[in-house]
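The next block holds one structure in the form of structure tokens; read it before the comments.
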Amino acid sequence: MSTPLRLGTRGSALAMAQSGHVAEAITAATGRAVELVEVVTAGDRSSAPVQRLGVGVFVSALRDALTAGTIDLAVHSYKDLPTAGASGLHVAAVPPRQDPRDALVATGGRTLAELPAGAVVGTGALRRIAQLHALGLHLEVTPIRGNVDSRLARVLGPDADLDAVVVARAGLARLGRTDVITETLDPMLMLPAPAQGALAVECRADDSDLVELLAVLDHAPSRAAVVAERALLATLEAGCSAPVAAYAELAEGENGDEIYLRGAVISPDGSRDLRLSRTGTPADAAEIGKALAAELLELGADSILGHEGSTGPGTQQFGSTE
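Residue numbering for the sequence shown follows the UniProt record's numbering, beginning at 1 and increasing consecutively.
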């Protein structure tokens, strides 16, 4: 027990912050020391749009290191994980989820409604691009990539070339940068990506001692919400570039806790926007997600997803939290 646990992480400021929070939580809860081990992923070495890089671009190197035994556990932004599990690996904990909503950072402290027609808004996710188009605000939306600081610099820096960016609020919160947010976007306007704001703490499935140790970090409501959202995603069998959104909330119902799941499939130009919701118990989280996906497919979601190309079950990949 005196040997520090080796926690694998991407080297970006956000990834290091997320992993640092998990390391501190492990030490506080168990007394076990943890050291961070930086692992460079294919996504970190490329500036190409995420949807062109392939499935698992931000996680495969970490999983390879886990399998090889060069690290003991890894921390992922949960929305980066393909929906299919990795053989021999186990998500041992889903810590309490950060606010999963998207955030606007705009010049002049403006909200989305205050941006004029023609304002240039940057974002890295087709899901966000599609929903911005669907709002009919006549904004010019441009795809961008890069870490949180580089995205913010395009609005707030001396060489700013954008009127606003839309990013995950969770990333800003973990970096202590919520002060730059000019509006936290209502999910009625901008539904988050499945599992946005959640972390996955993964280890080898046969490391029973570590599986048991990490279980202390697991937050049941956060895990149930993520299970529902990712079940919807997996059932849709969406391709890498399909704009799919989902958001599950837990609330107290008449007969105990209930999950309220909203899901959407939006065409990239925003002209088709299918949105549905469904409720159920946390124990049925996966079934709720599957059922809602089936309803979306009945309404024609497959025709929207078909234009983007399907890569088969369990292969959805969204952009990094950054």
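Every residue gets a Cβ at the ideal spot worked out from N, C-alpha and C, and that includes glycine. Predicted model only: the values in this text are computed from it and were never measured.
- Annotation: glycine 85 to proline 116 spans about 44 Å, alpha carbon to alpha carbon.
- Of the candidates Arg6, Pro4 and Leu14, Leu14 places its Cα closest to the Cα of glycine 176.
- In this structure, leucine 7 sits near leucine 36, with a CB-CB distance shorter than 7 Å.
- When the five nearest sequence neighbours on each side are left out, the beta carbons in the same chain lying within less than 6 Å of the beta carbon of leucine 162 are those of Val120, Gly122, Arg154 and Val155, in order along the chain.
- A direct Cα-to-Cα measurement between asparagine 147 and leucine 299 gives close to 36 Å.
- Arginine 32 has its alpha-carbon roughly 34 Å from the corresponding atom of aspartate 102.
- In the structure shown, serine 222 falls within a helical segment according to DSSP collapsed to helix, strand and coil.
- The DSSP-derived three-state label of serine 60 is helix.
- When the five nearest sequence neighbours on each side are left out, the beta carbons in the same chain lying within less than 8 Å of the beta carbon of alanine 25 are those of Pro95 and Leu217, in order along the chain.
- Valine 105 carries a strand assignment under DSSP once its states are collapsed to helix, strand and coil.
- Where aspartate 257 is concerned, there is no enclosing alpha helix (DSSP H), although the beta strand (DSSP E) around it starts and stops at 256 to 266.
- Fewer than three beta-carbon pairs drawn from the region 129 to 141 and the region 204 to 215 are found closer than 8 Å, and the two stretches are therefore not classed as touching.
- Per DSSP, the continuous alpha helix (DSSP H) segment holding aspartate 302 begins and ends at 301 to 308.
- According to DSSP, residue pairing for aspartate 273 in a beta bridge involves Ile266.
- In the structure shown, the three-state DSSP call for alanine 286 is helix.
- The alpha-carbon of serine 60 is positioned some 9 Å away from that of leucine 81.
- Separation of threonine 30 and alanine 215 (C-alpha to C-alpha, rounded to the nearest whole angstrom) is 11 Å.
- Glutamate 254 is positioned such that its CB atom lies no closer than 7 Å to that of leucine 276.
- Counting only the Cα atoms, isoleucine 259 lies some 27 Å from leucine 135.
- Within the same chain, Cβ atoms closer than 6 Å to the Cβ of aspartate 72 are found at Leu5 and Arg6, the five residues on either side in sequence being excluded.
- Considering only Asp209, Pro282, His76 and Ala193, the residue with the shortest C-alpha distance to proline 100 is Ala193.
- Going by C-alpha positions, leucine 172 is about 18 Å away from alanine 200.
- Glutamine 196 places its beta carbon 7 Å or farther from that of alanine 224.
- For glycine 122, the enclosing beta strand (DSSP E) starts and ends at 120 to 123.
- Taking C-beta atoms as the reference points, aspartate 273 and histidine 133 fail to come closer than 7 Å.
- Taking each of Ala125, Ala113, Met16 and Ala130 in turn and checking the Cα distance to arginine 151, the smallest one comes out for Ala125.
- Glycine 263 and alanine 301 have their C-alpha atoms spaced approximately 11 Å apart.
- Residue pairing of glutamate 140 in beta bridges, as defined by DSSP: Val120.
- A direct Cα-Cα distance of roughly 35 Å separates valine 265 from glutamate 38.
- Excluding its 5 nearest sequence neighbours in each direction, glutamine 98 has C-beta neighbours in its own chain below 6 Å: Ala170, Ala173 and Gly197, listed in chain order.
- Rounded to the nearest whole angstrom, the C-alpha separation of valine 244 and arginine 127 is 6 Å.
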